[in-house]
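Shown next, in structure tokens, is the structure this report addresses.
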Amino acid sequence: GSWSYCRFILVINSFHHDSSDSWFKSLFVRKVDPRKDAHATLLTKNEESNLYKIQFHNVKPECLDAYNKLCEEVLPSIHADKYYPCELVGTWNTWYGDQDQAVHLWRYRGGYPALTEVMNKLKQNPEFTAYRKERGKMLMSRRNQLLLEFSFWNEPVPREGPNIYELRSYQLRPGTMIEWGNYWARAIGYRQHNSEAVGGFFSQIGNLYMVHHLWAYKDLQSREDTRNGAWQQEGWDEVVYYTVPLIQHMDSRIMIPTKASPLQ
């Protein structure tokens with residue numbers, strides 16, 4: 001009651017008048033160690049400086065086939081043209097997860113200057129302008145993120161199919177990206193036995209503290225067997241135990257590559 005509240009106030013005042021660093025103050029004051037490097041610098045492949053863009057396009061259900069055909073006509077030509085310093089890493093339709101969705105992943109060698117160069121050049125490309133206008137009629141919504149790749153993951157390279165792909169997306173608690181990276185630098189070693197690890201990225205612009213892990217499997221049963229096999233390796237359970245509390249939200253998409261995708 002009121003007596004307990006008064007006792008609490010007296011305790012606070014007694015600590016407040018203590019000239020030395022008090023125990024009570026230590027509950028609320030946290031010392032911040034100075035850091036000379038940004039998180040992105042600590043986690044990425046500094047010598048390569050690649051920037052990635054991931055696009056999520058939610059397509060009108062009746063337009064999905066036409067949308068895929070339109071992308072197949074335009075996106076590979078941009079990928080193959082050395083005039084544009086970018087590469088199409090992969091393009092997919094979501095099979096399980098958000099329905100009638102297309103996902104595109106682009107790489108910009110040279111970072112933000114390369115991204116700006118591509119954007120400026122595409123504005124002058126009448127074919128791309130027509131593509132965007134036609135595409136706009138087919139979409140219900142779209143969003144994108146700019147990503148950097150983790151230093152300990154493979155760089156995504158074209159692969160032959162047929163494969164299905166899983167994009168696992170993690171919304172982390174703010175301030176936990178370095179901790180996540182430290183655990184997954186070890187964890188990735190447990191997930192290389194079937195060459196399933198394709199790429200690992202974290203967001204720089206868009207939804208922040210977002211991590212994307214991209215995996216490839218022959219089929220859903222292969223995915224199940226591979227994931228179960230990781231639990232037989234000593235140390236995997238520890239990684240899961242310590243990384244799960246860092247996650248606020250997670251999502252999984254099973255995706256099928258389109259004909260235009262270098263990742264088949």
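Note that full-length UniProt numbering has the sequence shown beginning at 1, numbered continuously upward.
Backbone N, C-alpha and C define an ideal beta-carbon position, used for all residues, glycine too.
Limits of the unbroken alpha helix (DSSP H) element including residue i
i      : result
Met138 : No alpha helix (DSSP H) holds Met138; DSSP gives it neither H nor E.
Ala260 : Segment: none, Ala260 is in no alpha helix (DSSP H) and carries neither H nor E.
Cys63  : Looking at the DSSP string, Cys63 is not in any alpha helix (DSSP H), and its letter there is neither H nor E.
Spatial distance of residue i from residue j (CA atoms)
i           : j      : result
Gln192      : Phe152 : 12 Å
residue 316 : Pro85  : The question about residue 316 has no answer here: the residues shown for the chain are numbered 1 through 264.
Arg132      : Ser261 : 19 Å
Glu73       : Met138 : 16 Å
Leu64       : Ala102 : 9 Å
Val244      : Met140 : 33 Å
Gln99       : Ala187 : 31 Å
Pro174      : Leu43  : 16 Å
Lys82       : Pro162 : 28 Å
His79       : Ile178 : 33 Å
Tyr67       : Glu87  : 20 Å
Ser49       : Glu62  : 40 Å
Leu70       : Arg135 : 8 Å
Asp251      : Leu172 : 12 Å
Ser77       : Glu127 : 10 Å
Ala130      : Val118 : 17 Å
Contact belief for residue i with residue j at Cβ below 8 Å, rounded distance in angstroms
i      : j      : result
Trp92  : Tyr165 : 6 Å
Phe201 : Tyr52  : 6 Å
Leu214 : Val198 : 4 Å
Ile247 : Tyr170 : 5 Å
Glu196 : Tyr183 : Their Cβ separation, rounded to whole angstroms, is 18 Å, which puts Glu196 and Tyr183 out of contact at 8 Å.
Tyr190 : Gln233 : 5 Å
His212 : Leu147 : 7 Å
Residue interval of the beta strand (DSSP E) (run including residue i)
i      : result
Lys53  : Asn50 to Val59
Ile188 : No beta strand (DSSP E) holds Ile188; DSSP gives it neither H nor E.
Arg159 : Run containing Arg159: none; DSSP gives neither H nor E here.
Per-residue burial, residue i [other beta carbons within 10 Å of its own, 16 or more giving buried]
i      : result
Asn228 : exposed
His249 : exposed
Glu224 : exposed
Glu160 : exposed
Ser203 : buried
Pro257 : buried
Pro113 : exposed
Gly235 : exposed
Leu75  : buried
Below-8 Å beta-carbon distance, residue i vs any chain D residue
i      : result
Tyr241 : Any reference to chain D falls outside this structure, which holds one protein chain only.
Beta-carbon gap between residue i and residue j smaller than 8 Å
i      : j      : result
Gln55  : His104 : yes
Val89  : Leu263 : yes
Arg142 : His57  : yes
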